[in-house]
Amino acid sequence: MQRTVRDLGGDAVVKAQVWSTKRAAWGGIRLVASEEEARQVASELLGRKVGQFTIDRLLVEEKLSIAHELYAGVIIDDSARAPVVIFSSRGGSGIEEIAAEHPESVAKVTVDLTTGLLPFQARDLARAAGLDRRYLNKVADALVKLYQTARHCEARSAEINPLVITEDGRVVAADCRVTVDDYAVFRHPDLGIEIARELDRPPTQLDRIAYSVEKDDYRGTFYFIQMEEGFAPDDRYVGFHGAGGGGSMMSMDALLQHGFKVANFTDTSGNPPASKVYRAARIILSQSNLVGYFASGCGVASQEQFHSARGLVKAFREVPLSVPGVIRLGGNSEEKAIQIITDYCRDLAVVVEGYGKDDTPDFCADRLETLVAGAGKPGPGQVGWTNGEAKRPYRFESPTGWIQFDHDLCAQCDHKVCITECVPQILKENDDGLPVLAITKAEAQKGKCTECLACEVECWFHGNRGGYIDLPIEGLES
Amino acid sequence: MAILIDETKRVLVQGITGREGMARTELMQEYGTQVVAGCTPGKGGRNVLGVPVYDSVAEAVEAQGGIDISTIFVPAPLVKDAALEALYAGVKLLVIVPDRVPIYDVLTIAGEAERRGARFIGPNTLGLLSPGRGVLGMMGGRAESARKWFKQGPVGVSSRSGGITSSIAYYISRAGVGLSTMVHVGGDAVVGMPHPEIMLEFENDPDTKMVVMFGEIGTSQEETVADLIEQGRFTKPLVAYIGGKAAKEGTRFSHAGAIVEGNRGTHEGKVRRLREVGATVVDKFGDIPSVTRDTLAKVV
Ligand code: SF4
Ligand code: SF4
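Sequence lines, in order, name chains B and U. The first sequence begins at 1 in this note's numbering and counts up one residue at a time. The second sequence begins at 1001 in this note's numbering and counts up one residue at a time.
This is how it looks when you write it as structure tokens:
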């Protein structure tokens, strides 16, 4: 760092690289005049906590002799359905307040996607905001480049603040920020974006684990973000598992109104396979010190809800669940879903209740409160669950894991529920009356096996417990 | 009458041979939607659920005559091409179901639609449904459920959340009031027909006597609806709920939105604006059915 400062001739700006706005106000941007001063500022800043983040990186920049500070930004305007370029002839820290106080210094132009921002439009924009004509061409040039950058990397927003005019007449982007469209990240591998999620902080370990589940599985949506880490049992944090944005939001509101806090936001929707719901539940339950598990979506879901129910049951039994759960699964096949939840969680050490579309989020949050308060029954404690050991394994791969039938146990099984309950009906009895694939293993792996989890969950209760499904979650220790 | 979809509309399904396309074609057919053709490039010549499949939209239009609506079920990265193909072939209304369509693709589609006098719903929409008349997309999931859950009547529903569209419609039906059409405008920041455009459709539909709107924080859709009411362009009674009150005010990384939009987009701002122009904004979601019933009693 000292060398950089030396190269810059002693005068430099040191900027804390941390996820925060208003850095100047809390001392995250500092001017230094010597290498020695730079070292001092660095030791002061590095390791310091800002909100929940620790400063671990500094940016050392040339100190500009600033004549004017301007602002330039690009956003997508939802009502114009087009990008809009905004320019203010007054920029710098506190731009929102500046813009509100001096509306005459702010101008905007809607861009036609087919032509892009044309140089004359950029000049008109700068003029409309009252820019001194001496800088017109250089600033217009910067605006055109900013738009092109935003368009090129498919940014939902891009801004330069301040856009600086130096004493010697140069136009310099002193600081900028680009938010790339989550949905377009796949087209920009060169940007090296690890997690295509709009976050207001660096991703947590669990965020990363969840993202890798979603990234490799296009069926349905799985969205997970941790809202809080390191809470105590007394803090009343609930593991939240929603389905669909609107319903999730309302369900979280209901939790908050009942004095709970939300540890994480999770959404599995858009017709996800049971395996995805299972992984979501496992990730939610890996958070320590939860007081309850609350699953609730819109209440009238188009998707078949028994898939979600089976995913939850597998996770709850495997972990096993040690806090009460309230599961609201209204929508298609909700009767079956509720039955799966209640019947197959009955012998857990904690109470799990299932509800449908006629039960409001408010009522369900109320139920959770009652259960958490300890009104529920204490259960027998230990629950057995299939562990994958097999004397005579018959194995095949599913799209995201593997499935095994222990033919030793299957030989003693009268019901063969795996075959009858398999949703896509891809299983059959072989000549010895044992369950095998009715299709090729490759077909099963490529997606004919929909990971409905029936051949494990239903088998455990109605067969001879020979079915086992392994769905690894990379990075999550069991 | 109803808006946008009824039994007279001739519908094309793009991506009909895929997992979702096939499942939803079945729903639409069983509910009474006229699905006249399907399109999957390279898979023309076959039949899916009795529907002829073509290699291109233009070919489908030529073989089947006029197509009023195309519903799109192709993977998100292919949506732009599919939508532009339908627009170039002269289709005037698209329903873009897939989630995660890149925003600049949506803008491109929007620009082309405008040039051609066409419109689209979505992306990221569950679709729309006129009880007893027809459905587009995946609203209801199964025809049998859709028939059981949603009753015909005078209330229009417009919502930014897919699941909530169904729940509002179900709870209203259960309260003994029926629906003209229910529309999920789509969950993304930029959609083809946001709330205001749906309101204008309901305004012109004699069977719709009032509208229930489910809004959310972000975008300026609800504020624009308030503008329409103020300008006298939307005159029917409106009952609204705005979700996201408890949403954490996260650190915003872009100032640009705040500079151009000021207070637009916030929960408080939307509620205030709508109340100012005389809309009924309920604070509790559970109050929607009873307030709807009361509001309706005053107009019919
Ligand atoms: S139900 Fe279970 S035990 Fe019975 S045959 Fe199927 S996998 Fe084997
Ligand atoms: S084999 Fe059949 S029952 Fe088992 S997970 Fe796959 S689809 Fe479900």
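Ideal Cβ positions, reconstructed from N, Cα and C, are used throughout, including at glycine.
Check, Outcome
"Within-9 Å CB hit, residue 298 of chain B to chain U", "yes"
"At least three beta-carbon pairs within less than 8 Å, the stretch 298-310 of chain B to the stretch 226-246 of chain B", "yes"
"Residue 35 of chain B versus B:157, B:6 and B:205, residue with shortest Cα-Cα distance", "B:6"
"Where the alpha helix (DSSP H) containing residue 1199 of chain U begins and where it ends", "1195-1203"
"Per-residue contacts from residue 1285 of chain U into chain B (C-beta, under 7 Å)", "250"
"Segment contact flag, the stretch 1138-1151 of chain U with the stretch 1190-1198 of chain U, C-beta cutoff 8 Å, min 3 pairs", "no"
"Interface residues of chain U facing residue 154 of chain B [CB-CB closer than 8 Å]", "1102, 1103 and 1104"
"Residue range of the unbroken beta strand (DSSP E) whose run includes residue 86 of chain B", "82-88"
"Whole-angstrom C-beta distance between residue 224 of chain B and residue 210 of chain B, which should lie under 8 Å", "4 Å"
"Helix, strand or coil at residue 1015 of chain U according to DSSP, with G and I counted as helix", "coil"
"Supposed close pair residue 238 of chain B, residue 294 of chain B - CB separation, criterion 8 Å", "5 Å"
"Residue 462 of chain B beta carbon near ligand 1 (any heavy atom closer than 8 Å)", "yes"
"Nonlocal neighbours in the same chain, by C-beta distance under 8 Å from residue 171 of chain B, ignoring five residues either side", "135, 138, 139, 141, 142, 163, 164 and 165"
"Simplified DSSP state of residue 1299 of chain U, which is helix, strand or coil", "helix"
"Closer than 8 Å: residue 1003 of chain U CB and nearest ligand 4 heavy atom", "Annotation note on ligand 4: not contained in the displayed structure, which lists ligand 1 and ligand 2 as its ligands."
"Where residue 451 of chain B sits in the DSSP three-state scheme", "coil"
"Opposing strand residues paired with residue 1210 of chain U [DSSP bridges]", "U:1155"
"Interface residues of chain U facing residue 357 of chain B [CB-CB closer than 8 Å]", "1167 and 1170"
"Member of B:361, B:229 and B:319 whose CA lies at the smallest distance from the CA of residue 1286 of chain U", "B:361"
"Partner residues on chain B for residue 1190 of chain U, Cβ-Cβ distance less than 8 Å", "76, 78 and 81"
"Close beta carbons around residue 1229 of chain U, own chain, < 6 Å, minus the five adjacent residues each side", "1277"
"Ligand 1 heavy atom lying under 8 Å from the CB of residue 416 of chain B", "yes"
"Residue range of the alpha helix (DSSP H) that includes residue 1125 of chain U", "From DSSP, residue 1125 of chain U is part of no alpha helix (DSSP H); its letter is neither H nor E."
"Start-to-end residues for the alpha helix (DSSP H) that takes in residue 368 of chain B", "361-370"
"Under 9 Å by beta carbon: chain B residues contacting residue 1219 of chain U", "78 and 79"
"Helix, strand or coil at residue 1120 of chain U according to DSSP, with G and I counted as helix", "strand"
"Chain B within 9 Å of residue 1292 of chain U, Cβ atoms only", "no"
"Residue 444 of chain B: CB within 8 Å of a non-hydrogen atom of ligand 2", "yes"
"Rounded C-alpha distance that separates residue 1114 of chain U from residue 81 of chain B", "10 Å"
"Chain U contact for residue 151 of chain B (CB, 9 Å cutoff)", "yes"
"Neighbour flag for residue 1198 of chain U against chain B, beta carbons, 9 Å", "no"
"Cβ shell of residue 1250 of chain U (< 8 Å), same chain only, five flanking positions each side left out", "The predicted model places residue 1250 of chain U with a pLDDT of 41, which falls under 50 and marks its position as unreliable; any figure quoted below should be read in that light. Excluding residues within five positions, none has a Cβ falling inside 8 Å."
"Beta-carbon gap between residue 1037 of chain U and residue 1063 of chain U smaller than 9 Å", "yes"
"Given residue 1045 of chain U as reference, the closest of U:1068, U:1016, U:1117 and U:1139 once Cα atoms are compared", "U:1016"
"Under 9 Å (Cβ pairs) to chain U, residues found in the stretch 172-184 of chain B", "177, 179, 181, 182, 183 and 184"
"Residues near residue 1047 of chain U in its chain [Cβ-Cβ closer than 8 Å; skip 5 each side]", "1053"
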